[in-house]
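Chemist: So the sequences go chain by chain: A and B.
Take the first sequence: its position 136, counted from the start at 1, is 146 in my numbering, and no numbers get skipped.
Take the second sequence: its position 34, counted from the start at 1, is 623 in my numbering, and no numbers get skipped.
Just so it is clear, CB atoms sit at the ideal spot from N, CA and C, and this is done for glycine as well.
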Amino acid sequence: MLQSIPAGFARPVYESQGTFRAILEAMSRPGKVVPLPGQAEGPRGWSGGMASVVLTLCDMDTPVWLDAQAATDDARRFLRFHCACPLTDAPAKASFAVVLNHALMPSLDVLSLGSSEYPEQSTTVLLATDFDAAPGESISVMGPGVDGEERLPLSWLPPGFVADWRGNGRLFPRGVDLILVGQAHVVGLPRTLKMEDRPCM
Amino acid sequence: MSTEETTRQEWMAALALAPEARLREAWNGLDAQPQYKIVRGPETGLVMVRARTGNTGERFNLGEMTVTRCSVGLSEGIMGHAFIGGLNHEHARLAAVFDALMQLPERREDLNRTLVIPLQQERRAHLSRRRDEVQPSRVDFFTLVRGEE
């Protein structure tokens, strides 16, 4: 049985521009929880926030890799119709990687890390995150765009991520960037962000 | 059963080239107006029209054309698409709805008979009328062989 494709943005021009502005803000203020202006109607199993971010960023020039949970037939049809983006099975070829399940998060070094000449060609990971989860333990983050030092709840990150992130930081200027995407918010983790496993003062 | 089955390409063309008023009439005349939702558009943009001179040789860019497109989904999960020349959003929406309806076997024959086939006939008649009007003023160009002296 054929399924109709979800509608995406109700007002594509305004919402995609607003979402882009929110992502820009999130990437320049790492760790800050930035609200998204609207929520797109996305494929089943995807949050409205994830659908919005993908519709805003992906087009025919950006190969997209989906984790096993994201890669439903519904989602593939949705992306082909609305973004016309190529879908790739190889994370190393992807401009964007959509990860809905933290347990399926690939280690960062299997993604595209960019080259010294073109570091911007690395993969940007769109990681579905529940910002409402109990905060629990946190780590400290610092770097450009962070005023001194901020705390980031560990529950937002996949297991074993902090060590992986340190390896990613050593590759600078190469390396991947992350955008944590919630139901209606985004948090940017650009490659310049440093994480330290320091207890709360 | 009609002798010639209309293909989807043919009915989409007929709907796209029809006057909007005809589609509106047909929509108002439906016994059971279906529920549908807009999946994309109607939105207007430009497409590059490419052509070959005399249908031979390399393709070249003829020029840009204004196109309005729309996609709708019926509750049955069927999707209809329309691409029409010009800016008429209402036309694109109706054409997309009828494209979706034409995919339902229980609707197709009826719509074919009452809408698509008449539209195709009108279009053919219109084109042949145009041809007849233009034909008398036709000029054939040919090159005279010039003498050597």
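1) Quick one: Cα of A/Gln131 to Cα of A/Val120, how far?
2) Which chain A residues sit within Cβ distance under 7 Å of B/Val628?
3) Say whether chain B places a C-beta atom closer than 9 Å to the C-beta of A/Pro22.
4) In three-state DSSP terms, what is A/Val63?
5) Mark A/Asp187 as exposed unless 16 or more other C-beta atoms lie within 10 angstroms of its C-beta, in which case mark it buried.
6) Straight-line CA distance for A/Ser150 to B/Ile627?
7) In chain order, what are the residue ranges of uninterrupted beta strand (DSSP E) at least 3 long that sit wholly in the region 54-108 of chain A?
8) Closer than 9 Å, CB to CB, is A/Phe30 near chain B or not?
9) Pick out whichever of B/Ala602, B/Thr595, B/Thr596 and B/Gln598 has its Cα sitting closest to the Cα of B/Arg712.
10) State the beta-bridge partners of A/Ile149 as determined by DSSP.
11) Which one of A/Arg201, A/Arg90 and A/Ser148 has the shortest CA to CA distance from A/Ile189?
12) For A/Ile33, does the three-state DSSP call read helix, strand or coil?
13) Could you tell me whether the Cβ of B/Leu716 comes closer than 9 Å to any Cβ of chain A?
14) Give me the Cβ distance between A/Thr134 and A/Ser165, rounded to the nearest whole Å; I'm assuming they're in contact under 8 Å.
15) Taking B/Thr642 as the reference, which of B/Asn650, B/Val636 and B/Leu704 has the closest Cα?
16) Does any CB atom of chain A fall closer than 9 Å to the CB of B/Leu676?
17) Between A/Ala61, A/Met205 and A/Gly41, which has its C-alpha nearest A/Asn178's C-alpha?
18) Run through DSSP, which three-state label would B/Leu604 get?
19) Are A/Gly58 and A/Tyr24 closer than 9 Å when you measure CB to CB?
20) Starting from B/Asn650, follow the beta strand (DSSP E) in both directions and report where the run begins and ends.
21) Would a check of beta-carbon distances place B/Glu632 closer than 9 Å to chain A?
22) Three-state secondary structure (DSSP) at B/Phe687?
23) When you compare only the Cα positions, how much space is there between B/Trp616 and B/Glu632?
24) Identify the contact partners of B/Gly662 in chain E, using a Cβ-Cβ distance below 7 Å as the criterion.
25) Taking the alpha-carbon of A/Ala61 as reference, which of A/Gly198, A/Ser125, A/Asp207 and A/Gln193 has the nearest alpha-carbon?
26) I'd like the list of long-range same chain contacts for B/Val672, defined as Cβ closer than 6 Å, with 5 residues on each side in sequence excluded.
27) Do you know offhand how far B/Ala640's Cα is from A/Arg90's?
28) Quick one: grab the DSSP three-state call for B/Leu612.
29) Per DSSP, what kind of secondary structure is A/Val43 in: helix, strand or coil?
30) Rounded to a whole number of angstroms, what is the C-alpha to C-alpha distance between A/Ser126 and B/Asn677?
31) Within the chosen definition, does the region 68-80 of chain A reach the region 30-50 of chain A through at least 3 CB pairs nearer than 8 Å?
Modeler: Taking the structure as given:
1) For the purposes of this step, residue 131 of chain A is taken as residue 121 along the first sequence, with counting starting at 1. For the purposes of this step, residue 120 of chain A is taken as residue 110 along the first sequence, with counting starting at 1. So the alpha carbons of these two residues sit roughly 14 Å apart.
2) To locate residue 628 of chain B, count along the second sequence from 1; it is residue 39. Residues of chain A passing the Cβ test: Ser14, Ile15 and Ala17.
3) Position 12 of the first sequence, counted from the start, is the residue given in the question as residue 22 of chain A. Yes - at least one Cβ of chain B is within 9 Å of the one on A/Pro22.
4) For the purposes of this step, residue 63 of chain A is identified with residue 53 of the first sequence, where counting begins at 1. The three-state secondary structure of A/Val63, taken from DSSP, is helix.
5) Locating residue 187 of chain A in the first sequence gives position 177, where the first residue counts as 1. Residue environment: A/Asp187 is assigned as buried (16 or more neighbouring CB atoms within 10 Å of its CB, all protein chains considered).
6) Along the first sequence, one-based indexing puts residue 150 of chain A at 140. Along the second sequence, one-based indexing puts residue 627 of chain B at 38. The alpha-carbon atoms of A/Ser150 and B/Ile627 are separated by roughly 46 Å.
7) Qualifying beta strand (DSSP E) stretches, in chain order: 74-76.
8) To locate residue 30 of chain A, count along the first sequence from 1; it is residue 20. Taking a beta-carbon distance threshold of 9 Å, A/Phe30 does not count as an interface residue toward chain B.
9) What you label residue 712 of chain B is simply residue 123 of the second sequence in a count that begins at 1. Comparing Cα positions, the closest option is B/Ala602.
10) Locating residue 149 of chain A in the first sequence gives position 139, where the first residue counts as 1. DSSP lists A/Leu162 as partners of A/Ile149.
11) As a working mapping, residue 189 of chain A is identified with position 179 in the first sequence. Comparing alpha carbon positions, the residue from A/Arg201, A/Arg90 and A/Ser148 closest to A/Ile189 is A/Arg201.
12) Numbered from 1 along the first sequence, position 23 holds the residue referred to as residue 33 of chain A. Here A/Ile33 sits in helix by DSSP.
13) Taking the first residue of the second sequence as 1, we reach residue 716 of chain B at position 127. It does not: the Cβ of B/Leu716 has no partner Cβ on chain A nearer than 9 Å.
14) As a working note, residue 134 of chain A is residue 124 in the first sequence. As a working note, residue 165 of chain A is residue 155 in the first sequence. Your pair A/Thr134 and A/Ser165 does not check out as a contact, with CB atoms roughly 22 Å apart and the cut at 8 Å.
15) Working through the second sequence from its first residue, we reach residue 642 of chain B at position 53. The shortest C-alpha separation from B/Thr642 is found at B/Asn650.
16) Working through the second sequence from its first residue, we reach residue 676 of chain B at position 87. So, not an interface residue.
17) Within the first sequence, the letter at position 168 stands for residue 178 of chain A. Measuring C-alpha to C-alpha distances from A/Asn178 to each of A/Ala61, A/Met205 and A/Gly41 identifies A/Met205 as the nearest.
18) Taking the second sequence and counting its residues from 1, the one referred to as residue 604 of chain B is at position 15. Per DSSP, reduced to three states, the secondary structure at B/Leu604 is helical.
19) Here residue 58 of chain A refers to the residue found at position 48 when the first sequence is read from its first residue. Here residue 24 of chain A refers to the residue found at position 14 when the first sequence is read from its first residue. Result no, Cβ atoms of A/Gly58 and A/Tyr24 do not sit closer than 9 Å.
20) Residue 650 of chain B sits at position 61 when you count from the first residue of the second sequence. Run containing B/Asn650: Phe649 to Leu663, per the beta strand (DSSP E) assignment.
21) Taking the second sequence and counting its residues from 1, the one referred to as residue 632 of chain B is at position 43. B/Glu632 counts as touching chain A.
22) Taking the second sequence and counting its residues from 1, the one referred to as residue 687 of chain B is at position 98. Three-state result, B/Phe687: helix.
23) Position 27 of the second sequence, counted from the start, is the residue given in the question as residue 616 of chain B. Position 43 of the second sequence, counted from the start, is the residue given in the question as residue 632 of chain B. Between B/Trp616 and B/Glu632, the C-alpha separation is close to 21 Å.
24) The structure shown contains no chain E; the protein chains it does contain are A and B.
25) Reading the first sequence from its first residue, position 51 is the one you call residue 61 of chain A. Distances from the alpha-carbon of A/Ala61 to those of A/Gly198, A/Ser125, A/Asp207 and A/Gln193 put A/Gln193 closest.
26) As a working note, residue 672 of chain B is residue 83 in the second sequence. The sequence shown places Phe at residue 672 of chain B, rather than the Val named in the question. Counting only Cβ-Cβ distances below 6 Å, and skipping sequence neighbours, we find Val656 and Arg658.
27) The residue labelled residue 640 of chain B in the question sits at position 51 within the second sequence. The residue labelled residue 90 of chain A in the question sits at position 80 within the first sequence. Cα to Cα, the separation comes out at about 27 Å.
28) Numbered from its first residue, the second sequence carries residue 612 of chain B at position 23. Look at B/Leu612 here: in three-state DSSP terms it is helix.
29) Along the first sequence, read from residue 1 onward, the residue named residue 43 of chain A stands at position 33. In the structure shown, A/Val43 sits in coil (DSSP, three-state: anything other than H, G, I, E or B).
30) Residue numbering aside, residue 126 of chain A sits at position 116 when the first sequence is read from its first letter. Residue numbering aside, residue 677 of chain B sits at position 88 when the second sequence is read from its first letter. Per the coordinates, the alpha-carbon of A/Ser126 lies some 50 Å from the alpha-carbon of B/Asn677.
31) Between the region 68-80 of chain A and the region 30-50 of chain A, the count of C-beta pairs closer than 8 Å stays below three; the two stretches do not touch.
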